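Q: The structure follows.
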Amino acid sequence: MRKITLLSLPLIGFCLLIVFLYKGLFSDPRALDSQISNQPVPQFTLPDLLDSNITYTPDVFKNKVTILNVWGVWCITCAIELPYLTQLKETQNVRFVGLYFDQDLDPDFGEKSLPQIQQEVKTMLSKYGNPYEFNIFDIARETALDLGVTGAPEHFLIDKSGVVRMHHVGDINERVWQNKLKPVYQTLLQEPDRRFSGEN
């Protein structure tokens, strides 16, 4: 009996491996559960990307449905989605706020000055479109880490109370907007304004 049990262990292990691989084969790599879903946006105090005299906190999400877009000029997919995001802003009044970080501020990638970064951003937005009401400069990537960001672009749909209601990894295109984001966005617009979680 013990011999039969020992012989069956490799078979059980093989079956578990097949189940794991099968599940991975048919799963959507963009459908990641965010650690921040249904949680308030993490606390932050960060400057405006183009005007360091302006500072933002989570109060910027107060009483407005917002899509927070994590992006950078180094991100090719970010450039590809800019025209469509701009179209959504102009035709459907979708509110986009950028959370910008730059790889070249990392010593492992090199180093740029703030004016260089600002000029690159202005050039990219003038070329592809500017959907952003403003851009928050996540200098040390701490807010991106708090949100559980793994790359760019990533999008966080935030309700009027400053709570993250959906997380989308990858670009927003017409299919993604119509099938995934728009229904939730429209529902959140219909929700009554509630006391913002950042208020006392």
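Its first residue numbered 11, the sequence shown is counted upward by one per residue in this note's numbering. For every residue, glycine included, the Cβ atom is placed at its ideal position computed from N, Cα and C. The model shown is predicted, which means the values in this text are computed figures rather than measured ones.
#1: In chain order, what residues of the same chain have a beta carbon less than 8 angstroms from the beta carbon of Leu191, not counting five sequence neighbours either side?
#2: Report, in whole angstroms, the separation of the C-beta atoms of Lys99 and Pro125, which I expect to be a contact under 8 angstroms.
#3: Should Ser123 be labelled buried (16 or more other beta-carbon atoms within 10 Å of its own) or exposed?
#4: Measure the alpha-carbon distance for Leu56 versus Gly82 and round it to whole angstroms.
#5: Measuring CB to CB, does Gln49 end up less than 8 angstroms from Val173?
#6: Whose CA, out of Asn103, Tyr94, Val159, lies closest to the CA of Val186?
#7: Can Val80 and Leu109 be called in contact, C-beta distance under 8 angstroms?
#8: So, is Thr153 buried or exposed, given that buried needs 16 or more other C-beta atoms within 10 angstroms?
#9: For Pro76, which beta-bridge partners are listed by DSSP?
#10: State the Cα-Cα distance for the pair Pro202 and Arg105, rounded to the nearest angstrom.
A: This is what the structure gives:
#1: Excluding sequence neighbours, Leu191 sits near Ile77, His165, Leu167, Met176, His178, Ile182.
#2: Here Lys99 is actually not in contact with Pro125; their C-beta atoms are around 26 angstroms apart, not less than 8 angstroms.
#3: Answer is exposed; the Cβ neighbour count stays below 16.
#4: If you take the alpha carbons of Leu56 and Gly82, they lie about 16 angstroms apart.
#5: With respect to Val173, Gln49 sits close: the two C-beta atoms are nearer than 8 angstroms.
#6: Tyr94 is the residue among Asn103, Tyr94, Val159 whose C-alpha sits nearest the C-alpha of Val186.
#7: Result yes, Cβ atoms of Val80 and Leu109 sit closer than 8 angstroms.
#8: It counts as buried.
#9: This sequence places Thr at residue 76; Pro is not what is there. Per DSSP, Ile168.
#10: Spanning the two alpha carbons is a distance of roughly 17 angstroms.
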